[in-house]
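Chains as they are written, first to last, in our numbering: chain A, 2 to 202; chain B, 398 to 816; chain C, 156 to 491. Heads up, the beta-carbon is just placed ideally off N, CA and C, and yes, glycines get one too.
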């Protein structure tokens, strides 16, 4: 089973990201579960969402305590205790920021996970450029899929099209493509070039 | 057809295919996505003919359906927690009048203190309202149970409540095999009322019944529940034959045939329990589980049979009955009357506290080793409780305990999962 | 199974009906009336509500050709009309709960609509069920403009449970929970709760007040109400001899004095505006009305409270002014 934990703020599409990932995995014929941390909904409040992917039916429903991948859509959360919990088996952390990794004030994160596993990505900038709104979720998701090799780009595109229509779908796909190639061209600072899945419960 | 979608949307699709004629809606987290989806389809004409009533309270929501059902329409609504309580009077009225209304309850804790997250306190509080109460283990089962619910309700002329864990199921995206409209139409015939307000044949429904007949009338209601003990498995069989999968029924066991210890629970926590069972079995422990789908009527015989060879039973409950402990465990003990078995109550998940597989496994192992108290709790913050009790001891005006605990808990370094 | 109307019930000898052409006779005077609230019910002697309900429902049956169904709130009417195992109703009738009749009616109307059945829905209840416990549901039904005629039979207290005060109980009336003792016996002078005006504030198609004092007017208003679709509200003043401490034989007189003193104004409104009123030719002082009822006895006599009576008179005067009830024309014409 592969477990992803998404962090961000209300309004950034964190929950949608988790759902999209689950839809993409489903399209690949796998079992997938996605759900948000539930709370009063408010723009700007910290939000977490979870996605599990497996080839067997998924029966547990607890929040993801030990994620294989951590996707941080808002860099202001990198010192948040909830975000820093359970990172022992985490293989990759994506952080949405324009800062260089040594500029990012995230000492605990760097210590717990290791610099080599942190990938920096200016997702908001790409979102503003290609989507016109600060919704970095699909960009982050795309980069994650490229790094992990979990979902093919075509599948991701199909998943995006199943959720969005018209211009929104097109602009998101364009942004996803840019993020994908940033990874492929190794133009993202640090991070592993590929993350393999483990059979971890 | 296989789909990946949110639980509440899956339920809404199933409901729509059952062709309800009158739907009433009053919003409350976490069921609202269901009625919202239905409103969209009514407006677009996808669900037609259907009258969609946006009402002013849950009491009105169920009352409207009582009227609609008495007129001969197929009816549906959804609620949770406070809403279920707000319609309490109407719940008893609907079952007392024998109206086959179907309702989803998105299980949610009852306040105070106010809490929007999942546990079973709401439907537990209404366990004697006369409604059939069915619990779904997964979103697939939630979908399937609603289709069965209409058939069941209309056949025995009793209202049916399908309990779906709030947030945990309602708001989770997972795979569901969605039946087709044709399949549902073949499974669920048009509604034929037992009683109907008809000018051509006027009747009076709902008169006062005095001591001379009330006992008999109540027994007849109870008798419908007893009938349901046969109808529920039969409908589940029919469902399996038509749709090709298990859903509903009275109880379902998992690796329990040779089990020394059997774990019993309602709803989605059974998934976590089954994962724990697998781990424990791998370690050589003869342990299994039983998921109860039909909580009301409570299948005494089926439970007795399923548990008869176990030495001990661990009942996992998402409801704490103040001053007593476990309701499900009490009901289980009734089923095991006369048998020498230990039945322990384990309470977890109250107010949406995450139920971690690791904690469940530890607890089940303890139980299997007869190390559990009669009543125990999973992942309870005992230090915070001790602190509050100390505070209450030292001063009379100790302040609101809920607010203190919130303060304490957020201060604490708790080995708690991300919420 | 409908019962035949007995000869003496038809009021064939009722003054006025024989002299009118058939079209203008009351429904009750006709041998062919539905008798929907059949004899054998257990209402008290002189019960205003039984009288009002019989007139109102029979009229509704005529207007709908019998294609109607009733939901009745808990209360006197429900209890005395369906003493288990008998029912005096000859029309489809449902009783659910105390506070939900308007909501049940909304559901019934929705069902009739979706099933394509031409069945009109009537909801009825006492003041307790309407003004107090069912008020939220009533407002909801109004707001949705559901096709329901709601009839409130107002006897100004929770009579069925033993005469307790309701939101409709008038000032200084003695009830079981506003006893006639102490410095200010009876119910307080409060703000009151004018449900007809609240109904008007919702802007629904038709609102009217009526009284058993003028049964022909009551029938006419039910007829008028049934000519609209959407939410309609009828508030009928019905004396309760037991609860009011009045003579059962004088129910109509008591009701008439309430109207003619101005304490219970009769008017009609459409879409929030008053469109008609029943003017008073010969005003009576409120004393005449109050003195007929034991619930106001403490206002009179040696230990009486003339100031309170004056205040009640003030309420009547305000009504007359508000609804322009003085029949100035008639007074002038007839030199009264």
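It is roughly 6 Å from the alpha-carbon of residue 2 of chain A to the alpha-carbon of residue 54 of chain A. Check the Cα spacing between residue 735 of chain B and each of B:704, B:764, B:743: the tightest is with B:704.
Counting along the chain, no beta strand (DSSP E) covers residue 442 of chain C; the unbroken alpha helix (DSSP H) around it starts and ends at 441-445. Under the three-pair Cβ rule at 8 Å, the region 368-377 of chain C does not count as touching the region 264-274 of chain C.
Neighbours of residue 448 of chain B across chain C, judged by C-beta separation under 7 Å: 265, 268, 269. If you look at residue 292 of chain C, you'll find it in the alpha helix (DSSP H) that goes 290-299. At a beta-carbon threshold of 9 Å, the residues of chain C lying near residue 453 of chain B are 258, 291, 292, 294, 295, 296, 298, 299, ordered along the chain.
Following the DSSP letters along the chain, one finds residue 52 of chain A inside the beta strand (DSSP E) bounded by residues 47-55. Residues of chain B whose Cβ lies closer than 8 Å to the Cβ of residue 186 of chain C do not exist, since the nearest Cβ in that chain is about 20 Å away. Looking only at B:707, B:718, B:570, the smallest Cα-Cα distance to residue 655 of chain B is reached by B:707. Residue 216 of chain C is a Cβ neighbour of residue 189 of chain C, given a cutoff of 8 Å.
Boundaries of the alpha helix (DSSP H) around residue 634 of chain B: 611-640.
Residues of chain B whose Cβ lies closer than 8 Å to the Cβ of residue 222 of chain C are, in chain order, 596.
Not flagged as an interface residue toward chain B: residue 103 of chain A, since no C-beta distance is shorter than 8 Å. B:539 is the residue among B:596, B:539, B:643, B:574 whose C-alpha sits nearest the C-alpha of residue 428 of chain B.
Across the structure, residue 458 of chain B and residue 111 of chain A are spaced so that their CA atoms are roughly 54 Å apart. Residue contact with chain A for residue 507 of chain B: absent (no Cβ-Cβ distance below 8 Å to any residue of chain A). The Cβ atoms of residue 473 of chain B and residue 417 of chain B lie closer than 8 Å to each other. Under DSSP, residue 715 of chain B takes part in no beta bridge, so it has no partner.
Nearest neighbour of residue 285 of chain C by Cα position, chosen from C:417, C:411, C:308, C:301, turns out to be C:308.
The beta carbon of residue 605 of chain B falls within 8 Å of a beta carbon belonging to chain C, placing the residue at that interface. In the pairwise beta carbon analysis, the region 352-363 of chain C is classified as touching the region 290-298 of chain C: at least three pairs are separated by under 8 Å. Residue state for residue 514 of chain B is assigned as coil, using DSSP reduced to three classes. A direct Cα-to-Cα measurement between residue 442 of chain C and residue 417 of chain C gives close to 12 Å. Between residue 408 of chain B and residue 619 of chain B, the C-beta gap is not smaller than 8 Å, which leaves the two residues out of contact. Residue 438 of chain C is a Cβ neighbour of residue 415 of chain C, given a cutoff of 8 Å.
Within the region 552-570 of chain B, 562, 563, 564, 565, 566, 568, 569, 570 place their CB atoms closer than 9 Å to a CB of chain A, listed in sequence order. For residue 277 of chain C, there is no enclosing alpha helix (DSSP H); the residue is part of the beta strand (DSSP E) that begins and ends at 275-281. Ranked by Cα distance from residue 467 of chain C, the options C:446, C:303, C:372, C:258 are led by C:446.
Residue 360 of chain C sits in coil when the DSSP states are folded into three classes, being neither helix nor strand.
In the DSSP secondary-structure assignment, residue 227 of chain C is bridged to C:250, C:279.
DSSP places residue 674 of chain B in the uninterrupted alpha helix (DSSP H) bounded by 666-679. Neighbourhood of residue 239 of chain C in chain B, by CB distance below 7 Å: 604, 605, 606, 607, 610, in chain order.
For the C-beta of residue 274 of chain C, the chain B residues within less than 9 Å are, from N- to C-terminus, 468, 594, 595, 596. Comparing C-alpha distances from residue 587 of chain B to each of B:549, B:559, B:565, B:594 shows the shortest one belongs to B:549. With a contact defined as Cβ atoms closer than 8 Å, residue 567 of chain B and residue 404 of chain B qualify at about 5 Å.
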